[in-house]
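J.: One structure, pasted below without further comment.
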Amino acid sequence: MAPIVSIRNLTKSYASGFQALKGVDLDIEEGEILALLGPNGAGKTTMISIICGIVTPSGGSVTVAGSDILTDYRKTRAIIGLVPQELTLDAFETVWNTVAFSRGLHGCPPNPALIERILRDLSLYDKKDTMLRHLSGGMRRRVLIAKALSYEPKVLFLDEPTAGVDVSLRKDMWQLVERLRASGVTIILTTHYIEEAEEIADRIGVINHGQILLVEDKKALMAKLGRKQMTVELAEPLTAVPDALSSYGVTLAEGGGQLVYEFDASGERTGISSLLSALSQAGLRVRDISTEQSSLEDIFVELVGEGR
Ligand SMILES: Nc1ncnc2c1ncn2[C@@H]1O[C@H](COP(=O)(O)OP(=O)(O)O)[C@@H](O)[C@H]1O
Ligand SMILES: [Mg+2]
């Protein structure tokens with residue numbers, strides 16, 4: 003199946019000369035939840051803003067459902083929902099009108115039943131006649147989500163949806179995201195909360211300094227996360243792995259001074275104790291042992307760590 007969003011060699015230099023995107027390639031599959039993970043300034047909002055037609059790209063191309071975002075702007079914008087990072091709302095309008103107008107603005111016929119359902123889903127219905135300026139920040143964020151859903155987008159972008167929101171909104175939001183996914187909506191969310199990406203996403207993309215560093219299935223990343231490594235420091239270096247240890251798949255490091263053993267931390271049988279007895283049977287003297295676990299956090303930090 004053709005990807006619903008296809009990004010090719012996308013670049014963006016702002017007027018200041020700053021290059022916010024340096025040739026991004028990314029395919030987003032229909033119906034998936036993709037989390038874009040990256041620190042502040044990575045280029046997440048820039049990328050989303052280009053796809054939604056708010057920022058003009060400097061180079062490259064983006065298609066949404068097969069249509070070009072520049073030459074077919076109206077067509078692509080009609081199927082994209084955006085919940086922006088910043089709260090941008092008209093303070094003197096009511097909740098109901100804001101959401102209903104949003105639907106009209108996107109060329110959809112009125113559908114009060116749908117608006118009601120969206121407001122109920124977001125626990126906003128009892129505030130439907132309240133002016134936005136009387137709402138709390140969390141409630142306003144709910145309104146932004148309702149606005150984006152009002153015209154039934156096929157692709158929904160959530161830019162840092164849970165940065166600074168309360169726990170109940172976060173919960174409501176993830177329930178909503180699950181329901182939207184079940185109805186076939188493709189969801190792209192940006193976050194710098196790793197746990198959030200872990201919990202909700204099908205795939206995780208890591209972006210930093212305007213470049214996509216990795217896009218991987220969450221389960222594959224989790225499999226890496228489950229890896230542990232044990233390093234055995236030997237009293238005397240080896241020139242080769244002894245035959246007695248070959249079945250463990252250990253490797254030599256540090257000029258033969260270390261034996262490195264990788265195992266699946268989530269497995270019941272890690273093989274550590276039998277490896278240790280095999281070591282002593284082989285007459286190897288051990289100076290020290292350390293273990294290390296790779297986490298998504300490690301992978302993330304290693305990928306985006308400054309100065310690398
Ligand atoms: N209008 C702008 N003019 C100049 N630089 C900008 C503008 N908007 C964003 N930037 C810069 O581009 C980089 C990426 O910003 P942004 O896309 O907002 O990142 P993120 O959403 O990942 O935090 C940042 O260094 C930011 O300062
Ligand atoms: Mg941003």
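Residue numbers (the numbering used here): 3 to 310.
Cβ coordinates follow ideal geometry from the N, Cα and C atoms, glycine included.
1) Give me the DSSP bridge partner(s) of Y263.
2) How about N11 and G33: do their beta carbons lie closer than 8 Å?
3) Listed in chain order, which residues are found with a beta carbon closer than 6 Å to a heavy atom of ligand 1?
4) Would K220 and T293 qualify as a contact pair, given that the criterion is a beta-carbon distance under 8 Å?
5) Alpha carbon to alpha carbon, how far is L247 from M49? Give it in angstroms, no decimals.
6) Could you spell out where the alpha helix (DSSP H) holding V145 opens and where it closes?
7) Could you name the residues of the same chain whose beta carbon sits closer than 7 Å to that of V262, not counting the 5 residues immediately before and after it, in chain order?
8) Could you say if the stretch 47 to 67 and the stretch 95 to 108 meet the contact criterion of at least three C-beta pairs nearer than 8 Å?
9) Relative to the C-alpha of N42, which residue among N210, A115 and I9 is closest?
10) In terms of DSSP beta bridges, what is R205 paired with?
11) Counting C-beta neighbours from all protein chains within 10 Å, is the total for K129 16 or more, i.e. buried, or is it exposed?
12) State the Cα-Cα distance for the pair L215 and V303, rounded to the nearest angstrom.
T.: On the basis of the data shown:
1) M232
2) no
3) Y16, S18, F20, A22, G40, N42, G43, A44, G45, K46, T47 and T48
4) no
5) 50 Å
6) G139 to L151
7) Q231, T233, V252, T253 and A255
8) no
9) N210
10) L36 and D219
11) buried
12) 12 Å
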